[in-house]
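Have a look at the structure below, then the notes.
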Amino acid sequence: MQNIGESSESPKKKTEPNDTESEDVNYPRYGIYTLGGDMIKSVESMGDGRYIIYYSWEEDSP
Amino acid sequence: MSEMRWDPFLEEWVVSSTHRSERPLLPEKSCPLCPGVLEVAKDYQIVVFENRYPSFYRHPPMPDVESRGLFKAASSQGVCEVVLYTSQHDLSLADLPQGHIFKLIEAWRDRYCELGNLPYVDYVYIFENKGEVIGVTLSHPHGQIYAFPFIPPKISRELAIANHHFARKGKCLYCSHLEAEIADGERIVLENNFFVVSVPFFARYPYETRVYPRRHLGSLEEISGEEAWGMSLTLKELLNAYDSLFGYSFPYIMSIYQSPTDGARHEYFHLHIDFYPPMRAADKQKIPAGCEVGTGTFLNDTAPEAKAKELRDALHRWREKRDGR
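Order-wise, the sequence lines are chains A and B.
The first sequence begins at 1 in the working numbering and counts up by one.
The second sequence begins at 1 in the working numbering and counts up by one.
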């Protein structure tokens, strides 16, 4: 995960509509992650095939 | 049915999603975006989830029709997300504290990076439709993200022109536009150390505005902490200028334009945010009609310079109220 103020080069393969290999089987990546500062990202399942992401932080920041 | 159909005349995709007609209208009793009602089980600060009624799917069905001759169809692979700005139903983006908007920018940035890295996503479009006149079906403060499997046509055309300008002049077209607006000055609405807002010289809507970072950034991925803080202040002030204009929560479409994520280099592209409010007066709408829809040519019956002054005055009123003067 990157934070604000950081950047990365992420070259990726060009795909076309109906490209059967254009999947990312690891997406979404469920779990808890730390973003910039004290921001927490929690990726969960909604139970119906969809995902939900909670972004949370201490209220008196930044 | 959910699929993309090719328009061979304009050479662009049309996305057909028949299930989207099942979306609820503004609910009278309970909001499905409030905590514990339908979509979000618990209280939250900012939440992003996959749209129940998407136009694009991570695992799309095959098209209902077979491609044949002129009639070309493709599966609609992509991602559609809903971004809930806050759990508080009666607020808007303008009402949120600047620190909360800063966190929202960080969430937008995270979504841009993550969705843009998916192999089938060529363009990540973050936007908000606000107000019933825009056709919003849920009033809870929220925006959306469409992760497209192609670069949408309006953006594609703009990219080609910006690329050509960059190749010819060795300079970013957007940086040149920003410098020209600052030099003219008449259409500037607000500016700070990091961002500038103007009613563009070529505005299509009376109260249209464009927000530029002063630095040449392609996307939120490149934004610094200071710039993100400046962006949160810029959005806070601009949206409150809109709300102060006629004394009600102003409707708009907000479009965040960032560099494509198709794997190619787009160093000539410059992040910008456009607001397209559908009003031409307090009680009169600007509805794209025969000329706009039929020909693509917009008719603006106002002067951008006059509208920029109205917005500056509205911002001044809001700042005075904020500062207790």
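Yeah, the Cβ is synthetic: ideal placement off N, Cα and C, and Gly gets one too.
None of the values given here were measured: they were computed from a predicted structure.
Exercise. With 16 as the cutoff for other CB atoms within 10 Å, does Asn51 (chain B) come out buried or exposed?
Worked result: Counting from one through the second sequence, the residue named residue 51 (chain B) turns up at place 51. With 16 or more Cβ atoms within 10 Å of its Cβ, Asn51 (chain B) is classed as buried.
Exercise. Do Phe194 (chain B) and Glu227 (chain B) have their CB atoms nearer than 7 angstroms?
Worked result: Residue 194 (chain B) sits at position 194 when you count from the first residue of the second sequence. Residue 227 (chain B) sits at position 227 when you count from the first residue of the second sequence. Yes; because the gap between Cβ atoms is below 7 angstroms, this pair is in contact.
Problem set entry | Within chain A, the residues that Val48 (chain B) reaches when beta carbons sit closer than 8 angstroms | For the purposes of this step, residue 48 (chain B) is identified with residue 48 of the second sequence, where counting begins at 1. Within chain A, the C-beta atoms nearer than 8 angstroms to that of Val48 (chain B) come from Ile52, Ile53, Tyr55, in chain order.
For this session: Alpha carbon to alpha carbon, how far is Gly31 (chain A) from His59 (chain B)? Give it in angstroms, no decimals.
Result: Along the second sequence, read from residue 1 onward, the residue named residue 59 (chain B) stands at position 59. Along the first sequence, read from residue 1 onward, the residue named residue 31 (chain A) stands at position 31. If I take the Cα positions, the gap works out to 21 angstroms.
Problem set entry | Segment limits, alpha helix (DSSP H) that includes Phe102 (chain B) | Mapped onto the second sequence, residue 102 (chain B) falls at position 102. Taken as a continuous stretch (DSSP letters only), the alpha helix (DSSP H) holding Phe102 (chain B) covers 98 to 116.
Problem set entry | 7 angstroms Cβ cutoff, Pro61 (chain B) in contact with chain A | Numbered from 1 along the second sequence, position 61 holds the residue referred to as residue 61 (chain B). Not an interface residue.
For this session: Please decide whether Ala303 (chain B) counts as near chain A, where near means a Cβ-Cβ distance under 7 angstroms.
Result: For the purposes of this step, residue 303 (chain B) is identified with residue 303 of the second sequence, where counting begins at 1. Not closer than 7 angstroms to any Cβ of chain A, the Cβ of Ala303 (chain B) fails to qualify, so no.
Exercise. From Leu311 (chain B) to Pro304 (chain B), what does the alpha carbon distance come to, in whole angstroms?
Worked result: Taking the second sequence and counting its residues from 1, one reaches residue 311 (chain B) at position 311. Taking the second sequence and counting its residues from 1, one reaches residue 304 (chain B) at position 304. Each residue's alpha carbon lies about 10 angstroms from the other.
Exercise. Using a Cβ cut-off of 7 angstroms, which residues of the segment 105 to 126 of chain B contact any Cβ in chain A, in chain order?
Worked result: Listed by position along the chain: Glu106, Ala107, Arg109, Asp110, Cys113, Asn117, Leu118, Pro119, Tyr120.
For this session: Would you please state the rounded distance, in angstroms, between the beta carbons of Ile256 (chain B) and Phe127 (chain B)? I believe it to be under 8 angstroms.
Result: Sequence index remark: in the second sequence, residue 256 (chain B) carries index 256 (1-based). Sequence index remark: in the second sequence, residue 127 (chain B) carries index 127 (1-based). The C-beta distance from Ile256 (chain B) to Phe127 (chain B) rounds to 7 angstroms, short enough to meet the 8 angstroms contact threshold.
Problem set entry | Residues near Pro8 (chain B) by beta carbon distance below 6 angstroms, same chain, minus five either side | Stepping through the second sequence from its first residue, residue 8 (chain B) is reached at position 8. Within the same chain, Cβ atoms closer than 6 angstroms to the Cβ of Pro8 (chain B) are found at Leu70, the five residues on either side in sequence being excluded.
Exercise. How would you label Asp274 (chain B), buried or exposed, when you count the other beta carbons within 10 angstroms and need 16 or more for buried?
Worked result: The count along the second sequence starts at 1 and reaches residue 274 (chain B) at position 274. Counting C-beta atoms within 10 angstroms of its own C-beta, Asp274 (chain B) has 16 or more neighbours from the protein chains shown and is therefore classed as buried.
Exercise. With a cut-off of 7 angstroms, does the C-beta of Asp24 (chain A) fall near any C-beta of chain B?
Worked result: Taking the first residue of the first sequence as position 1, residue 24 (chain A) is located at position 24. Chain B, which has a Cβ nearer than 7 angstroms to the Cβ of Asp24 (chain A), makes this yes.
Problem set entry | CB contact flag (Ser336 (chain B), Ser2 (chain B), <7 angstroms) | A query on residue 336 (chain B) cannot be resolved here, the shown segment of chain B reaching from 1 to 325 and no further.
Problem set entry | Cβ separation of Phe49 (chain B) and Tyr33 (chain A), assumed to be a contact under 8 angstroms, to the nearest whole Å | Counted from its first residue, the second sequence places residue 49 (chain B) at position 49. Counted from its first residue, the first sequence places residue 33 (chain A) at position 33. Incorrect: roughly 16 angstroms between the Cβ atoms, too far for contact.
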